[in-house]
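Numbering (this note's numbering), first residue to last: 1 to 106. In this text, a Cβ means the ideal position worked out from N, Cα and C, and glycines have one as well. Please read these numbers as outputs of a predicted model, since none were measured by experiment. Structure, as structure tokens:
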Amino acid sequence: MKNSFDDIYEVVRLIPHGRVSSYGAIAGYLGGKGGARMVGWAMNASHNDDTIPAHRVVNRNGVLTGKAFFGGNRMQELLENEGIIVKNDKIQNFKELFWSPTKELL
């Protein structure tokens, strides 16, 4: 995956309020199926930029794997403020809430 963090941020900014995407879906859209880890690094590096909704990016199963980087339950709180239900660090109705950049942006 030869994309920069800025390319990743551009896609993440498009995730609608109340929806979520995954590290792998974003990486796949940008042409790097194995680049999910890079997307995770970009999300971790974005926490000082309020224009990047990093809380809307979760793992492929809807688990809040990045929550430690938000501190406490902040990631869950941000998602719940958008009407997303989270139980045991996992998004409920994940399939219905999932936003695929490959499907939505083409």
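Since residue i and residue j should fall inside the 8 Å C-beta cutoff, what is the C-beta to C-beta distance between them, to a whole number of angstroms?
i	j	result
Thr51	Arg19	Contact doesn't hold; Cβ gap of about 17 Å is too wide.
Ile85	Val57	Between Val57 and Ile85 the Cβ distance is about 17 Å, and since that is not below 8 Å, they are no contact.
Gly31	Gly66	In fact, because the Cβ distance is near 22 Å, the residues do not count as touching under 8 Å.
Gly24	Arg74	Contact doesn't hold; Cβ gap of about 23 Å is too wide.
Grab the span of the alpha helix (DSSP H) containing residue i for me, first residue to last.
i	result
Pro108	Nothing can be reported for residue 108, as the shown portion of the chain is limited to 1 through 106.
Lys95	Phe94 to Leu97
Ile26	Tyr23 to Tyr29
Val63	Neither: Val63 is in no alpha helix (DSSP H) and is coded neither H nor E.
Ala45	Ala36 to Ala45
Arg74	Arg74 to Glu80
Here's the rule: buried if 16 or more other CB atoms are within 10 angstroms of the residue's CB, otherwise exposed. What is residue i?
i	result
Ser4	exposed
Pro16	exposed
Ile8	buried
Gln76	buried
Gly62	buried
Leu105	exposed
Ala54	buried
Gly115	Past the edges of the chain, shown from 1 to 106, lies residue 115, and the structure says nothing about it.
Ala68	exposed
Going by DSSP, what residues sit across from residue i in a beta bridge?
i	result
Val11	None; Val11 has no bridge partner.
Ile85	DSSP lists no partner for Ile85.
Ile91	Val86
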